[in-house]
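**Q** One structure, pasted below without further comment.
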Amino acid sequence: MTIFATQQVRKSFTNGEVSEEILKGIDLKLEQGKVTSLVGASGSGKSTLLTIAAGLQPASGGQILFDGKNMTDMSAEQVRKIRAREFGFVFQSAHLVPFLTVEEQLFLMLEVSETKMKKSGQKKEVANMLELIDMSHRKDAYPASLSGGEKQRVAIARAIIHKPKMLFADEPTASLDSKRSTDVMTLIRELTKTLNITTLMVTHDEEMLSFADHVVTMKDGLIE
Ligand SMILES: Nc1ncnc2c1ncn2[C@@H]1O[C@H](COP(=O)(O)OP(=O)(O)OP(=O)(O)O)[C@@H](O)[C@H]1O
Ligand SMILES: [Mg+2]
Numbered sequence: 021m022t023i024f025a026t027q028q029v030r031k032s033f034t035n036g037e038v039s040e041e042i043l044k045g046i047d048l049k050l051e052q053g054k055v056t057s058l059v060g061a062s063g064s065g066k067s068t069l070l071t072i073a074a075g076l077q078p079a080s081g082g083q084i085l086f087d088g089k090n091m092t093d094m095s096a097e098q099v100r101k102i103r104a105r106e107f108g109f110v111f112q113s114a115h116l117v118p119f120l121t122v123e124e125q126l127f128l129m130l131e132v133s134e135t136k137m138k139k140s141g142q143k144k145e146v147a148n149m150l151e152l153i154d155m156s157h158r159k160d161a162y163p164a165s166l167s168g169g170e171k172q173r174v175a176i177a178r179a180i181i182h183k184p185k186m187l188f189a190d191e192p193t194a195s196l197d198s199k200r201s202t203d204v205m206t207l208i209r210e211l212t213k214t215l216n217i218t219t220l221m222v223t224h225d226e227e228m229l230s231f232a233d234h235v236v237t238m239k240d241g242l243i244e
């Protein structure tokens with residue numbers, strides 16, 4: 021089932037008097053519970069497409085359809101709610117809050133996503149998630165004392181603790197070595213399957229493509 025689609029999405033940037041069209045009409049369909057990898061040369065517009073799909077910046081034209089709704093017709097507040105409740109994000113570096121423990125990062129996300137749950141339920145969710153990412157023993161640690169791979173695992177947990185329908189990831193393994201990259205990708209794939217999340221992921225790394233169900237290549241502002 022297609023849960024997310026872009027139709028003829030366009031994006032232009034204006035620098036001074038010169039306007040350049042980076043996305044020239046992107047049609048993308050994402051199947052529920054699948055991992056789709058977005059590849060293409062540097063500057064081909066992968067991050068731009070990902071952030072537009074995730075509602076983090078507007079398109080210049082075209083439609084974005086999510087779960088039977090047209091996000092292009094929504095107010096900023098409606099898009100904000102969807103972003104907070106139904107989407108999760110992982111970036112190149114973990115961007116954890118330095119003064120919160122591993123466990124507190126996850127509780128914070130439950131607050132931000134306005135997840136309606138009693139304190140006892142929240143505690144259970146967080147404990148389960150820490151178990152899933154194999155970080156229970158580090159729940160009271162601060163980011164400064166975590167390895168790169170551990171930080172990224174916490175970032176992934178934080179991105180999905182509120183059980184979003186979509187996960188958007190921009191080069192989540194770029195700051196990791198090969199072994200840790202494989203671990204992080206295995207985790208993303210497992211969690212996507214277990215929780216039936218639909219994942220769109222930008223990657224540079226050919227080795228990581230084996231973790232994807234579909235691979236989509238961008239070239240000259242279009243999907244090949
Ligand atoms: N806010 C902006 N203003 C002007 N130009 C921009 C802006 N954002 C992106 N661009 C330009 O759009 C093009 C595509 O950028 P984008 O970041 O989407 O590429 P990418 O495929 O993610 O590249 P990389 O693999 O290097 O991360 C680039 O030429 C970039 O300079
Ligand atoms: Mg990019």
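Residue numbers for the sequence shown follow the numbering used here, beginning at 21 and rising by one.
Glycine included, every Cβ here is placed at the ideal spot set by N, Cα and C.
Model, not experiment: these values are computed from the prediction.
Where Leu-48 and Ala-61 are concerned, what is the direct C-alpha to C-alpha distance, given to the nearest angstrom?
**A** Within the sequence shown, the letter at position 28 stands for residue 48. Within the sequence shown, the letter at position 41 stands for residue 61. Straight-line Cα distance between these residues: approximately 18 Å.
**Q** Would you check if the distance between the CB atom of Val-122 and the CB atom of Ala-179 is smaller than 7 Å?
**A** Position 102 of the sequence shown, counted from the start, is the residue given in the question as residue 122. Position 159 of the sequence shown, counted from the start, is the residue given in the question as residue 179. No, Cβ-Cβ distance for Val-122 and Ala-179 is not below 7 Å.
**Q** Does the Cβ of Ser-67 lie closer than 6 Å to at least one heavy atom of ligand 2?
**A** For the purposes of this step, residue 67 is taken as residue 47 along the sequence shown, with counting starting at 1. Yes; taking the cut-off as 6 Å, the Cβ of Ser-67 has a heavy atom of ligand 2 nearer than that.
**Q** Could you tell me whether the Cβ atoms of Asp-190 and Leu-70 are closer together than 7 Å?
**A** On the sequence shown, residue 190 is found 170 positions in, with the first residue counted as 1. On the sequence shown, residue 70 is found 50 positions in, with the first residue counted as 1. In contact: Asp-190 and Leu-70 (Cβ atoms closer than 7 Å).
**Q** Terminal residues of the continuous alpha helix (DSSP H) containing Lys-144?
**A** If you number the sequence shown from 1, residue 144 lands on position 124. Its alpha helix (DSSP H) spans residues 139 to 152.
**Q** Any idea what DSSP makes of Leu-187, helix, strand or coil?
**A** Here residue 187 corresponds to residue number 167 of the sequence shown, with the count starting at 1. It is a strand residue.
**Q** Using a 10 Å radius around the Cβ and a threshold of 16 neighbouring Cβ atoms, would you call Arg-100 buried or exposed?
**A** Indexing the sequence shown from 1 puts residue 100 at position 80. Exposed: under 16 other Cβ atoms inside 10 Å.
**Q** Is Phe-127 helix, strand or coil when you go by DSSP?
**A** For the purposes of this step, residue 127 is taken as residue 107 along the sequence shown, with counting starting at 1. Note: Phe-127 maps to helix in three-state DSSP.
**Q** Could you tell me which residues DSSP puts in a beta bridge with Ser-32?
**A** Start at 1 with the first residue of the sequence shown, and residue 32 comes out as number 12. DSSP lists Glu-41 as partners of Ser-32.
**Q** With a threshold of 7 Å on Cβ separation, who are the neighbours of Gly-241 within its own chain once the five nearest residues in sequence on each side are excluded?
**A** On the sequence shown, position 221 is the one that residue 241 refers to. The residues are Glu-41, Ile-42, Leu-43, Lys-44 and Gly-65.
**Q** Just checking my contact of Glu-51 with Met-21 at CB under 8 Å: how many whole Å lie between their CB atoms?
**A** In the sequence shown, the residue the question calls residue 51 occupies position 31. In the sequence shown, the residue the question calls residue 21 occupies position 1. At roughly 7 Å, the Cβ-Cβ gap stays under 8 Å, so Glu-51 and Met-21 are in contact.
**Q** Where are the beta strand (DSSP E) runs, 3 residues long or more, that stay fully inside the stretch 61 to 88, in chain order?
**A** Qualifying beta strand (DSSP E) stretches, in chain order: 81 to 86.
**Q** Should the stretch 131 to 141 be called in touch with the stretch 74 to 94, which here means at least 3 C-beta pairs below 8 Å?
**A** Result no; under three Cβ-Cβ pairs closer than 8 Å.
**Q** Leu-229 and Ser-57 - do their beta-carbons sit closer together than 7 Å?
**A** Residue numbering aside, residue 57 sits at position 37 when the sequence shown is read from its first letter. Residue numbering aside, residue 229 sits at position 209 when the sequence shown is read from its first letter. Cβ distance < 7 Å, so Ser-57 and Leu-229 count as in contact.
**Q** Pull up the CB-CB distance for Ile-243 and Ile-46, whole angstroms please, since I reckon it's below 8 Å.
**A** The residue labelled residue 243 in the question sits at position 223 within the sequence shown. The residue labelled residue 46 in the question sits at position 26 within the sequence shown. Correct: roughly 6 Å between the Cβ atoms.
**Q** Would you report the Cα separation of Asp-203 and Ser-113, rounded to the nearest angstrom?
**A** Taking the first residue of the sequence shown as 1, we reach residue 203 at position 183. Taking the first residue of the sequence shown as 1, we reach residue 113 at position 93. Each residue's alpha carbon lies about 15 Å from the other.
**Q** Taking the C-alpha atoms as reference points, what is the distance between Lys-185 and Thr-34?
**A** Residue numbering aside, residue 185 sits at position 165 when the sequence shown is read from its first letter. Residue numbering aside, residue 34 sits at position 14 when the sequence shown is read from its first letter. So the two alpha carbons sit approximately 33 Å from each other.
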